[in-house]
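Numbering (our numbering), first residue to last: 25 to 327.
All C-beta atoms in this analysis are idealised placements derived from N, C-alpha and C, irrespective of residue type, glycine included.
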Amino acid sequence: MMIHLRMLMGCSILAIGLGAAAPDPVYTVRDDGIVSASVGGAQGTLRIDPGAPALPILAKPYALRAGLKSGMFGLHYKVGPSGVHGVTAVTRLIVDGMEIRRRVGWFDTPYATGADGVIGPGGLPAPVVRFELHAPRPGERTLDLPLVDGGALIGNWGGLFGEIIVGGVPMKVRFDLHHRLSLASAGAAQRIAAAQGGALTGPVDQAEIAFGIARPVRHMTLTTPFVIGPMALNALHVRVSDYGNAATIRDADVTPDPEEIIVTGKAKRDPSRDRLSIGRDALEQCSSITFDKPAKRIRLSCL
25 MMIHLRMLMG
35 CSILAIGLGA
45 AAPDPVYTVR
55 DDGIVSASVG
65 GAQGTLRIDP
75 GAPALPILAK
85 PYALRAGLKS
95 GMFGLHYKVG
105 PSGVHGVTAV
115 TRLIVDGMEI
125 RRRVGWFDTP
135 YATGADGVIG
145 PGGLPAPVVR
155 FELHAPRPGE
165 RTLDLPLVDG
175 GALIGNWGGL
185 FGEIIVGGVP
195 MKVRFDLHHR
205 LSLASAGAAQ
215 RIAAAQGGAL
225 TGPVDQAEIA
235 FGIARPVRHM
245 TLTTPFVIGP
255 MALNALHVRV
265 SDYGNAATIR
275 DADVTPDPEE
285 IIVTGKAKRD
295 PSRDRLSIGR
305 DALEQCSSIT
315 FDKPAKRIRL
325 SCL
C-alpha cells in the first residue's frame, strides 16, 4: 500500500512537525497501542501502530469534531489498484502527553476501527519508539535492521520500514501487529521465491490490507526458510496481483505440461516498490520492536 500527497492548489509549503518541548528519548507503546489524544482541543484516542504512516490518519467524525478544515493538499492512499481519497489540514495535537503541530489527514472510510485515528512511530516526536509486545523470554536474539522511510513528496508523512537484501537488491519490510498474515507484494514474492524455492499453493483468498479494502492472496511455501535474523519464515502469503506479477512463481497445485510454452515478459519493474509485511503470525515470536530514529535502526528481540 502506498500513500500519495496531492496538491489541490498551485502553491507549496513546508510540512510542519514541530514539538513544543523536547520529548523523552524513549517512548514505550504497550498493549493495543491505543492512547489518549487531543486534536484541536477535541478529546479522542489514537492507535500507535508500527505499520502506519507518520502522517496521523483520523477518522472523519473525529476530524469534524475537532473543527478541522481541509487545506490545499489532498491524499490518495493506494491499495493495489484500489484506493481512497482524503484531505489534510495542519493542526496541533497531543498524543499521550506529547504535543506536536503537524499535518493530519482523514478519509470518508476509516483506516481502522477501535480508535479515532492512527499514527506511526515516524509521526511521534520521541527519538526512540519501543513497542512492547510481551515479556522477554530466555533465548531471544536481536534483529538489527537499517531504518528507511517510505518516501514523501513533502515532509515527514510516510511509514518507517526495515531494509533487507533479497537477490542482491534492497527490500522494504513493514511490521504489522494488526493483521495476522505476513504478506509479500507480487514483485517481492518473485524475488523471495527465486531465492528460497517458493511455490504457490491452495486457492485464492482475500486479505484485508487497510481501509477495509481486501486484496487477493495465495499461500506460498518455501523450500528453504526465509531467514531474517532470529525469524525464519517457512511460508507467507502473496498479494498475487499487486505491485508486480506472481505468474512466474511455480504453482504447486498445477502439474506442468512438458509441451507447454510459457511466455514471460521482460518489461522493466521497479524493485523499490517491492514490500514485505511481517504480520502477527511471525511477530508472536518477538517481545519488542524498537524504532531508533537518530541511529536509523530498527531492532527486534525475538526467539
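_Element boundaries [beta strand (DSSP E), containing Ile85]_ = The sequence given here places Pro at residue 85; Ile does not occur at that position. Taken as a continuous stretch (DSSP letters only), Pro85 belongs to no beta strand (DSSP E), being part of the alpha helix (DSSP H) at Lys84 to Arg89.
_What does the Cβ neighbour count give for Pro74, buried or exposed, with the cut at 16 atoms within 10 Å?_
It is buried - the Cβ of Pro74 has at least 16 other Cβ atoms within 10 Å.
*Does the segment 262 to 280 come close enough to the segment 155 to 162 to have 3 or more Cβ pairs within less than 8 Å?*
The segment 262 to 280, when compared against the segment 155 to 162, does not touch it at the 8 Å Cβ threshold.
*Leaving aside the five residues before and after Ile237 along the sequence, list all residues of the same chain whose C-beta is less than 7 Å from its C-beta, in chain order.*
Listed in chain order, the non-local C-beta contacts of Ile237 below 7 Å within the same chain comprise Val103 and Ser106, local neighbours out to five positions each way being set aside.
*Rank Val153, Ala306 and Arg215 by C-alpha distance to the C-alpha of Asp294 and give the top, closest one.*
Among Val153, Ala306 and Arg215, the Cα nearest to that of Asp294 is on Arg215.
*Take the Cβ of Ala218 as the centre, count every other Cβ of all protein chains shown within 10 Å, and call the residue buried at 16 or more, exposed below.*
Exposed is the call here.
*asked:* Residues in the same chain with beta-carbon distance under 8 Å from Ala66, minus the five sequence neighbours each way, listed in chain order, please.
replied: Result list for Ala66: Tyr86, Arg89, Ala90 and Gly91, in chain order.
*For Asp277, which of helix, strand or coil comes out of DSSP?*
Correct three-state label for Asp277: coil.
*Specify the secondary structure class of Ser312 as computed by DSSP and reduced to three states.*
For Ser312, the secondary structure class from DSSP, reduced to helix, strand or coil, is strand.
*Cβ contact (3+ pairs, closer than 8 Å) linking the segment 188 to 207 and the segment 92 to 101*: No, because fewer than three Cβ pairs between the segment 188 to 207 and the segment 92 to 101 fall closer than 8 Å, the two stretches do not touch.
*Cα-Cα, which of Asp229, Pro249 and Leu207 is closest to Leu300?*
For Leu300, the nearest C-alpha among the options comes from Leu207.
*asked:* Alpha carbons only, please: which of Phe131, Phe155 and Ile273 is nearest the one belonging to Leu99?
replied: Among Phe131, Phe155 and Ile273, the Cα nearest to that of Leu99 belongs to Phe131.
_Going by DSSP in three states, Thr272 sits in which element: helix, strand or coil?_
In this structure, Thr272 counts as helix in the three-state DSSP scheme.
*Specify, as a first and last residue, the run of the beta strand (DSSP E) that Gly129 falls within.*
Taken as a continuous stretch (DSSP letters only), the beta strand (DSSP E) holding Gly129 covers Met122 to Phe131.
*Straight-line CA distance for Tyr51 to Leu224?*
Distance between the alpha carbons of Tyr51 and Leu224: 40 Å.
*Assuming Leu327 contacts Pro254 (C-beta within less than 8 Å), just tell me the rounded distance between them.*
Going by Cβ atoms, the distance from Leu327 to Pro254 rounds to 6 Å, so yes, they are a contact pair.
*asked:* So, at 8 Å on beta carbons, what are the nonlocal neighbours of Ala61 in its own chain, with the 5 sequence-adjacent residues on each side left out?
replied: Gln67, Gly68, Thr69, Leu70, Leu117, Ile118, Val119, Asp120, Asp140 and Gly141.
*What three-state label does DSSP hand Leu257 in the structure shown?*
Three-state result, Leu257: strand.
*For Ala256, count neighbouring Cβ atoms within 10 angstroms of its own Cβ and tell me buried if that reaches 16, exposed if not.*
Exposed is the call here.
*Option in Ile189, Thr166 and Arg297 with minimal Cα separation from Cys307*: Position check: residue 307 holds Leu in this sequence, whereas Cys was assumed. Residue Thr166 is the option with its Cα nearest to Leu307.
*Can you tell which of Val228, Ile72, Ala78 and Ala271 has the C-alpha that lies nearest to the C-alpha of Val172?*
Of the candidates Val228, Ile72, Ala78 and Ala271, the one whose C-alpha sits nearest the C-alpha of Val172 is Ala78.
*What span of residues does the beta strand (DSSP E) with Leu99 cover, start to end?*
Per DSSP, Leu99 belongs to the beta strand (DSSP E) from Phe97 to Val103.
*Run through DSSP, which three-state label would Gly34 get?*
Since pLDDT at Gly34 reaches only 34, below the 50 mark, its modelled position is unreliable, and the value read off the structure follows with that caveat. Here Gly34 sits in coil by DSSP.
*Assigned exposure category for Pro145 - 16 Cβ within 10 Å defines buried*: Around the Cβ of Pro145, a 10 Å sphere holds 16 or more other Cβ atoms; the residue is buried.
*Would you kindly report the start and end of the unbroken alpha helix (DSSP H) that includes Gly211?*
Residues Ala210 to Gln220.
*Would you call Ile189 buried or exposed, if buried means 16 or more other Cβ atoms sit within 10 Å of its Cβ?*
Of the residues assessed, Ile189 falls on the exposed side of the cut-off, its CB having fewer than 16 other CB atoms within 10 angstroms.
*List the endpoints of the continuous alpha helix (DSSP H) containing Ala150.*
Neither: Ala150 is in no alpha helix (DSSP H) and is coded neither H nor E.
*Which of helix, strand or coil does DSSP assign to Ser265?*
If DSSP states are grouped into helix, strand and coil, Ser265 belongs with coil.
*Which partner residues does His243 have in the DSSP bridge list?*
Residue pairing by DSSP places His243 opposite Thr225 and His261 in a beta bridge.
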